[in-house]
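Asks: Pasting a structure here, questions to come.
2 protein chains.
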Amino acid sequence: MTTTLDTLLNHVSVRALTPQALSSEQIHQLVTAAQAAPTASFQQSYSIIGVTDPDLRQQIAGYAGGQRFVATGGTLFIFCADLHRIQYLAQEQGVDLTETLTGIDATLAGTVDATLAAQNMAIAAESMELGTCYSGGIRDGIVDIAPLLDIPENVFPVLGLVIGYPQSRNALKPRLPFAAVYHENRYQSSESAILHHYDDQTNQYYAQRTGKTSPTTRRWSHTAIDSFRQHPRTFMQKFLNDHGLAKH
Amino acid sequence: MTTTLDTLLNHVSVRALTPQALSSEQIHQLVTAAQAAPTASFQQSYSIIGVTDPDLRQQIAGYAGGQRFVATGGTLFIFCADLHRIQYLAQEQGVDLTETLTGIDATLAGTVDATLAAQNMAIAAESMELGTCYSGGIRDGIVDIAPLLDIPENVFPVLGLVIGYPQSRNALKPRLPFAAVYHENRYQSSESAILHHYDDQTNQYYAQRTGKTSPTTRRWSHTAIDSFRQHPRTFMQKFLNDHGLAKH
Chain D
1 MTTTLDTLLN
11 HVSVRALTPQ
21 ALSSEQIHQL
31 VTAAQAAPTA
41 SFQQSYSIIG
51 VTDPDLRQQI
61 AGYAGGQRFV
71 ATGGTLFIFC
81 ADLHRIQYLA
91 QEQGVDLTET
101 LTGIDATLAG
111 TVDATLAAQN
121 MAIAAESMEL
131 GTCYSGGIRD
141 GIVDIAPLLD
151 IPENVFPVLG
161 LVIGYPQSRN
171 ALKPRLPFAA
181 VYHENRYQSS
191 ESAILHHYDD
201 QTNQYYAQRT
211 GKTSPTTRRW
221 SHTAIDSFRQ
231 HPRTFMQKFL
241 NDHGLAKH
Chain X
1001 MTTTLDTLLN
1011 HVSVRALTPQ
1021 ALSSEQIHQL
1031 VTAAQAAPTA
1041 SFQQSYSIIG
1051 VTDPDLRQQI
1061 AGYAGGQRFV
1071 ATGGTLFIFC
1081 ADLHRIQYLA
1091 QEQGVDLTET
1101 LTGIDATLAG
1111 TVDATLAAQN
1121 MAIAAESMEL
1131 GTCYSGGIRD
1141 GIVDIAPLLD
1151 IPENVFPVLG
1161 LVIGYPQSRN
1171 ALKPRLPFAA
1181 VYHENRYQSS
1191 ESAILHHYDD
1201 QTNQYYAQRT
1211 GKTSPTTRRW
1221 SHTAIDSFRQ
1231 HPRTFMQKFL
1241 NDHGLAKH
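In order, the protein sequence lines correspond to chains D and X.
Residue numbers 1 to 248, in this note's numbering, belong to the letters of the first sequence in order.
Residue numbers 1001 to 1248, in this note's numbering, belong to the letters of the second sequence in order.
Next up, the structure:
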């Protein structure tokens, strides 16, 4: 097994970080690693905002649902889909890309680019023995967070990523069975039995992690269904439209 | 520098692969690495389709714009946003998630999950000295490709990723300057001069790579603007809606 595979396979999200922020050198190194990621048609349709101002970060965390690891510990990065840069350059060259950039595929392309860069940064950090945790929760507060960050037209904050020095790590969390995720040549719906078996497995994992032998309340399907139910983000279409994105 | 950082920083897309497909063991190892990626709220909203049937692959490549590396060489994986699995489980538990799953944020969440898994697989492959190249081009042919793969309701093919044995590698491609991509605390539009300098740099890169000292035709901004212009994918909203996604 390669060292890199070892890093990838031992990934756990780390929410318990020391207060220490990253140094400018570390930020530079991590952003460089993020930039080395592939991007769709080499469009590089993303931007990274490093939040180094503690007050700004507290405000962001408040709007993102108040999770403690978003508010404090390490450094928070916000990865954005960015079609503003290319729109600017197109206008400068007298090309009208508005119709394409306001379409949903451009938003998806920017989302992919932002995510590829983010995952490169997360893996780089873990290889440096730093802890990482994503926050999709920043999208819960996106309507209030975007103006705090001066997000312009054609830019969309996709993900938060907190990186810092770990205080403690949880055990590896079991993933869905291979057969539920991998399909050969054609998509095949998972059999019920495979998913139920996995539900039992995740329930045991949480029982061990919390020391409580609860009945079935932490089954994966329960928590995943609940997280969709609790965060419907019904404002997202309007937010995107207001920012000149995903209009058609 | 860590070995992993070295792998990340030396990434180049490799389109020239030998015909040799990956073994089942390699596929298993790569999918396991993909599954180790973080996913939004641990929802694991993605699926991976490994295309091992050469005829099927030729058909896909035809619809994806006929790029040679999509048609042949190594093994093609299609990463899909997958909200079908959770919809199935929710229905089984008598929970109606339809309103949330048909919203645009769920499509974005699935797109993020699929991309995080894909990038883990790409990095794992590169650490094993395999070559990788993404194809966003599969979205050009998505209307025809989806039925070939039996894509059901609530599933959306986001990206193709080809992995195999490299025949040759290009030189590292220069990325946008740090200052164009990284923002501290608040978004700041890039200065024109920074972007123009980068345009010159990329033009030189392509001149060296192709042996042709062309004038300004391969500037980054030109090629990026052109790729948006050539692939407007105006059918994407309808495709997603027809698959029960991004309806509101």
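Note that beta-carbon positions come from the ideal geometry of N, C-alpha and C, so glycine has one too.
Cα separation between Q1119(X) and A1034(X)?
Replies: Near 7 Å, if we compare the C-alpha coordinates of A1034(X) and Q1119(X).
Asks: Cβ closer than 9 Å: which chain D residues qualify as neighbours of I956(X)?
Replies: Only positions 1001 to 1248 of chain X appear in the structure, and residue 956(X) is not among them; the question remains open.
Asks: Which whole-angstrom value is the C-beta distance of R139(D) and R233(D), which I expect to be below 8 Å?
Replies: Indeed, because the Cβ distance is near 6 Å, the residues count as touching under 8 Å.
Asks: Return no unless some Cβ of chain D is closer than 9 Å to the Cβ of V1158(X).
Replies: It does; some Cβ of chain D falls within 9 Å.
Asks: Taking Cβ positions, are G45(D) and T39(D) nearer each other than 9 Å?
Replies: The amino acid at residue 45(D) is misidentified as Gly; the sequence shows Ser. Taking 9 Å as the Cβ cut-off, S45(D) and T39(D) qualify as a contacting pair.
Asks: Under 9 Å Cβ-Cβ, which residues of chain X neighbour N252(D)?
Replies: In the structure displayed, chain D extends from 1 to 248; residue 252(D) sits before or after that span and is not available.
Asks: Taking the beta carbon of A64(D) as the centre, do at least 16 other beta carbons fall within 10 Å, making it buried, or is it exposed?
Replies: Under this definition A64(D) is a buried residue.
Asks: Note down the Cα distance separating L1097(X) from S24(D), rounded to an integer number of angstroms.
Replies: C-alpha separation (whole angstroms): 43 Å.
Asks: Listing by chain order, which chain D residues have their CB less than 8 Å from the CB of F1069(X)?
Replies: Correct list: empty, because the minimum Cβ distance to chain D is about 13 Å.
Asks: Identify each residue in the stretch 190-220 of chain D for which the Cβ-Cβ distance to at least one residue of chain X is less than 8 Å, and report them in chain order.
Replies: Result list: S190, S192, L195 and W220.
Asks: Return the CA-CA distance between F1178(X) and I1194(X), expressed in angstroms with no decimal places.
Replies: Approximately 10 Å, taken between the alpha carbons.
Asks: In the DSSP assignment, find the unbroken alpha helix (DSSP H) run with Y88(D) in it and report its ends.
Replies: Counting along the chain, the alpha helix (DSSP H) containing Y88(D) begins and ends at H84 to E92.
Asks: E191(D) to C133(D), Cα distance in whole Å?
Replies: Rounded to whole angstroms, E191(D) to C133(D) spans 31 Å at the Cα level.
Asks: Exposed or buried, N1010(X), counting other C-beta atoms within 10 Å across all chains shown (16 or more means buried)?
Replies: Burial call: exposed.
Asks: Quick check on E129(D): does DSSP put it in helix, strand or coil?
Replies: Three-state result, E129(D): coil.
Asks: Does any CB atom of chain D fall closer than 9 Å to the CB of Y1063(X)?
Replies: Judged by the 9 Å Cβ criterion, Y1063(X) is not in contact with chain D.
Asks: Would you list, in sequence order, the uninterrupted alpha helix (DSSP H) runs of no fewer than 4 residues that lie entirely inside the stretch 1181-1212 of chain X?
Replies: With a minimum length of 4 residues, the continuous alpha helix (DSSP H) runs that stay inside the stretch 1181-1212 of chain X are 1192-1210.
Asks: Is it true that the stretch 112-132 of chain D meets the stretch 54-61 of chain D, where meeting means three or more beta-carbon pairs spaced less than 8 Å apart?
Replies: Taking 8 Å as the limit for Cβ pairs, the verdict is that the stretch 54-61 of chain D does not touch the stretch 112-132 of chain D.
Asks: Return the residues of the stretch 124-153 of chain D that lie within a Cβ-Cβ distance of less than 7 Å from chain X, sorted by chain order.
Replies: Listed by position, the residues of the stretch 124-153 of chain D near chain X (Cβ gap below 7 Å) are A124, S127, M128, Y134, G136, R139, L149, D150, I151 and P152.
Asks: Got a sec? Which residues, its chain only, sit under 7 Å from T1100(X) by beta carbon, not counting five neighbours each side?
Replies: Around T1100(X): A1106.
Asks: Is the beta carbon of S1047(X) sitting closer than 9 Å to the one on F1079(X)?
Replies: Yes.
Asks: Per DSSP, what are the beta-bridge partners of I78(D) in this structure?
Replies: I49(D) and G160(D), per the DSSP bridge assignment.
Asks: For F239(D), which option in P174(D), A180(D) and V155(D) has the closest C-alpha, if you only look at C-alpha atoms?
Replies: Considering only alpha carbons, the answer is V155(D).
Asks: Given Q1167(X), which residues of its chain have a CB within under 7 Å of its CB, disregarding the five upstream and five downstream residues?
Replies: If we look at Q1167(X) and ignore the five residues flanking it on each side, its Cβ neighbours are A1016, L1017 and T1018.
Asks: For the candidate residues T217(D), H183(D) and R229(D), whose alpha-carbon lies nearest to that of D1150(X)?
Replies: The candidate whose alpha carbon is nearest that of D1150(X) is H183(D).
Asks: Check each residue of the stretch 227-240 of chain D: if its Cβ is closer than 8 Å to any Cβ of chain X, include it; give the result in chain order.
Replies: The stretch 227-240 of chain D vs chain X, Cβ under 8 Å: S227, F228, R229, H231, P232, R233, T234, M236, Q237 and L240.
Asks: Considering only DSSP beta bridges, list what S1135(X) is partnered with.
Replies: According to DSSP, which records beta bridges pairwise, S1135(X) is partnered with G1160(X).
Asks: Quick one: list the residues of chain X neighbouring Q44(D), beta-carbon separation under 9 Å, in chain order.
Replies: Ordered by position in chain X, the residues that pass the 9 Å Cβ test against Q44(D) are R1175, L1176, A1180, V1181, W1220 and A1224.
Asks: With which residues is V155(D) paired in a DSSP beta bridge?
Replies: Answer is D82(D).
Asks: For A109(D) and A1117(X), I'd like the C-alpha separation in whole angstroms.
Replies: In a straight line, the C-alpha of A109(D) is about 16 Å away from that of A1117(X).
Asks: Going by the CB atoms, is the gap between H248(D) and T102(D) shorter than 9 Å?
Replies: Going by C-beta atoms, T102(D) is nearer than 9 Å to H248(D).
Asks: Within 10 angstroms of its Cβ, does T213(D) collect 16 or more other Cβ (buried), or is it exposed?
Replies: Result: exposed.
Asks: Could you tell me if H1084(X) is buried or exposed, where buried requires 16 or more neighbouring beta carbons within 10 angstroms of its beta carbon?
Replies: So H1084(X) counts as buried.
Asks: Distance, Cα to Cα, I1027(X) vs L159(D)?
Replies: I1027(X) and L159(D): Cα-Cα distance of roughly 29 Å.
Asks: Taking A90(D) as the reference, give the member of K173(D), Q43(D) and A61(D) with the closest Cα.
Replies: The option with the nearest alpha carbon to A90(D) is Q43(D).
Asks: Looking at G50(D): is its Cβ nearer than 9 Å to the Cβ of Y165(D)?
Replies: No; because the gap between Cβ atoms is not below 9 Å, this pair is not in contact.
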